[in-house]
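A short write-up of the structure that comes next.
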Amino acid sequence: MTVSTERKHQRQDLAWAIAVGGILAVSFAALLIFAWEFAATLFLIFSGILLGVALTAMTKLLKRMMPGPHAGRLLVICVVLAAMLAGIFTLGGSTIASQAAVLSGTLKAQVVNLKTFLESHGFDASYLDLSAIAASPNGTAATTTPTSPNVSHNLPSAGAIASGGGAIVSQTLKIILGTVGAVGNFFIVLFLGLAFAAQPGVYRKGLIAMSPAAVRPQMEALIDRISSTLERWLIAQMITMSVVFVVTWLGLLAIGIPGAFILGVQAGLLTFIPTVGALVAGIVILLASISSGWVAVGSAFVLLMAVHALESYILTPIIQREAIDIPPATLFAFQILLGVVFGVWGLALALPVMAIVKVILVYLREDTPQATTIQA
Numbered sequence: 000m001t002v003s004t005e006r007k008h009q010r011q012d013l014a015w016a017i018a019v020g021g022i023l024a025v026s027f028a029a030l031l032i033f034a035w036e037f038a039a040t041l042f043l044i045f046s047g048i049l050l051g052v053a054l055t056a057m058t059k060l061l062k063r064m065m066p067g068p069h070a071g072r073l074l075v076i077c078v079v080l081a082a083m084l085a086g087i088f089t090l091g092g093s094t095i096a097s098q099a100a101v102l103s104g105t106l107k108a109q110v111v112n113l114k115t116f117l118e119s120h121g122f123d124a125s126y127l128d129l130s131a132i133a134a135s136p137n138g139t140a141a142t143t144t145p146t147s148p149n150v151s152h153n154l155p156s157a158g159a160i161a162s163g164g165g166a167i168v169s170q171t172l173k174i175i176l177g178t179v180g181a182v183g184n185f186f187i188v189l190f191l192g193l194a195f196a197a198q199p200g201v202y203r204k205g206l207i208a209m210s211p212a213a214v215r216p217q218m219e220a221l222i223d224r225i226s227s228t229l230e231r232w233l234i235a236q237m238i239t240m241s242v243v244f245v246v247t248w249l250g251l252l253a254i255g256i257p258g259a260f261i262l263g264v265q266a267g268l269l270t271f272i273p274t275v276g277a278l279v280a281g282i283v284i285l286l287a288s289i290s291s292g293w294v295a296v297g298s299a300f301v302l303l304m305a306v307h308a309l310e311s312y313i314l315t316p317i318i319q320r321e322a323i324d325i326p327p328a329t330l331f332a333f334q335i336l337l338g339v340v341f342g343v344w345g346l347a348l349a350l351p352v353m354a355i356v357k358v359i360l361v362y363l364r365e366d367t368p369q370a371t372t373i374q375a
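Position 161 of the sequence shown, counting from 1, maps to 160 under numbering that gives the first Met the number 0, and the rest follow consecutively.
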């Protein structure tokens with residue numbers, strides 16, 4: 000009788016284990032499908048969280064000089080940042096717009112020149128096909144008109160006019176919707192960041208309360224680790240981006256490259272994306288410097304190498320040594336993976352995502368999970 004009872008309990012335990020395993024497998028698959036289908040939305044929310052973490056980190060730094068309520072320090076930070084942005088757009092708005100237009104025309108002309116050069120030497124440059132753009136002597140886009148004597152001068156039909164009008168309306172709607180979407184995403188990230196930064200303790204307690212009571216101490220320690228790691232990295236990243244912007248801008252200005260300010264801005268912003276961002280910024284700067292002669296190209300290349308050395312061997316080891324330490328090859332492979340799967344969002348946010356994954360893995364393999372410090 001005892002043996003039969005034990006077998007019955009064993010069968011029940013096995014059935015329960017199979018049921019739990021099946022539920023977990025189905026839940027994990029559903030989570031993957033959900034993440035795949037709503038990846039853009041999830042990355043948008045994650046961007047808002049990162050902004051909130053950055054504002055909270057700056058608020059904590061200000062606490063050393065300005066004791067008082069958290070809301071007051073956050074207000075000061077927001078006012079200072081808003082004043083800086085307003086000053087940049089007020090004083091340098093026209094400069095940015097004009098330099099961006101010149102830079103766009105220069106890049107288009109250089110791409111056409113590069114395509115012509117490759118084709119003249121027998122290389123396939125179809126991937127650089129810009130059929131609507133032709134390089135004119137002044138480096139701007141020019142179009143060609145047919146010279147056939149049999150050109151018809153008849154008026155277009157009503158169907159042709161309607162088709163052309165429909166195409167114009169369709170393109171206009173795409174531009175308007177794209178602009179509205181970009182502006183909407185910006186304000187969503189801004190709102191989420193301000194909401195998270197205004198009451199970080201509320202959201203922290205909410206995440207802890209959502210976990211089972213038995214693992215709440217471990218969940219609290221893990222959330223604090225992730226928050227601390229992201230705060231240190233974001234502060235270090237903002238310092239690095241600012242230094243890269245200033246050095247690149249002043250260096251290109253000294254060389255005499257047109258559009259030095261806008262090139263410095265894009266170099267500083269792209270520093271947020273490790274490896275890939277620096278490569279893209281370097282290609283844009285070199286293309287923009289071709290119009291100034293090969294001496295300028297060589298000088299710009301030397302400047303890029305100097306900025307890369309400054310970032311890789313001085314700023315990153317000194318400023319970010321306590322933030323995130325991830326091998327470059329591992330980070331690059333993870334960037335490519337997320338970039339291929341999720342596009343620009345995955346490429347831009349690969350490093351903070353990997354930082355969170357690393358913190359979780361380090362925490363799980365520790366012998367004392369109750370510890371509250373981590374060397375990330």
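We put the CB at the ideal spot given by N, CA and C, even for glycine.
Inside the region 294-352 only - alpha helix (DSSP H) runs reaching at least 4 residues:
As for any alpha helix (DSSP H) of minimum length 4 sitting wholly inside the region 294-352, the runs are 315-318, 327-341, 343-347, ordered along the chain.
*Alpha carbon of Gly200 to alpha carbon of Gly67, nearest angstrom*: Here residue 200 refers to the residue found at position 201 when the sequence shown is read from its first residue. Here residue 67 refers to the residue found at position 68 when the sequence shown is read from its first residue. Gly200 and Gly67: Cα-Cα distance of roughly 16 Å.
With 16 other CB atoms within 10 Å as the buried threshold, where does Gly267 fall?
-> On the sequence shown, residue 267 is found 268 positions in, with the first residue counted as 1. Classification for Gly267: buried.
My parser needs the alpha helix (DSSP H) runs of 4 or more residues fully inside the region 222-271; what are they?
Taken in chain order, the complete alpha helix (DSSP H) segments of 4 residues or longer contained in the region 222-271 are 259-269.
Query raised in the report: Hey, which unbroken runs of the alpha helix (DSSP H) at 4 residues or more fall wholly within the region 192-217?
Result: Runs of the alpha helix (DSSP H) inside the region 192-217: 199-209.
- Considering Ser288, what are the terminal residues of the alpha helix (DSSP H) in which it resides? Position 289 of the sequence shown, counted from the start, is the residue given in the question as residue 288. From DSSP, the alpha helix (DSSP H) with Ser288 extends over 275-288.
Notebook entry, point to check: Does the region 191-205 come within contact of the region 53-71, defined as at least 3 CB pairs closer than 8 Å?
Noted result: Verdict: yes, contact present.
Checklist entry - To which residues of the same chain is Pro148 closer than 8 Å at the C-beta, ignoring the five residues directly before and after it? => result Along the sequence shown, one-based indexing puts residue 148 at 149. Bear in mind that the predicted position of Pro148 carries a pLDDT of just 45, short of 50, making it unreliable; the figure below should be weighed with that in mind. No residues qualify anywhere along the chain.
- Query: Taking C-alpha atoms, which residue in Leu251, Leu49, Val358, Leu191 lies nearest to Ser223?
  - Reply: For this step, residue 223 is matched to residue 224 along the sequence shown. Residue identity differs from the one stated: residue 223 is Asp in this sequence, not Ser. Ranking the options by Cα distance to Asp223, first place goes to Val358.
Taking Lys59 as part of the alpha helix (DSSP H), name the residues at either end of that continuous run. Position 60 of the sequence shown holds residue 59. Segment 38-61, the alpha helix (DSSP H) holding Lys59.
Notebook entry, point to check: Among the residues of its own chain, which have a CB less than 6 Å from the CB of Ala38, if the five just before and after it don't count?
Noted result: As a position in the sequence shown, residue 38 is number 39, starting the count at 1. Closer than 6 Å at the Cβ level, and outside the excluded window around Ala38, lie Phe341.
From the DSSP output, in three-state form, read off His69 for me.
-> Translated into positions along the sequence shown, residue 69 becomes position 70. Of the three classes helix, strand and coil, the one that applies to His69 here is helix, per DSSP.
With 16 other Cβ atoms within 10 Å as the buried cut-off, status of Leu360 = Against the sequence shown, residue 360 aligns to sequence position 361. Leu360 counts as exposed, since fewer than 16 other C-beta atoms from the protein chains shown sit within 10 angstroms of its C-beta.
Would you tell me roughly how many angstroms separate the C-alpha atoms of Ala70 and Leu61, rounded to the nearest one?
Position 71 of the sequence shown, counted from the first residue, corresponds to residue 70. Position 62 of the sequence shown, counted from the first residue, corresponds to residue 61. The straight-line gap from Cα to Cα measures roughly 12 Å.
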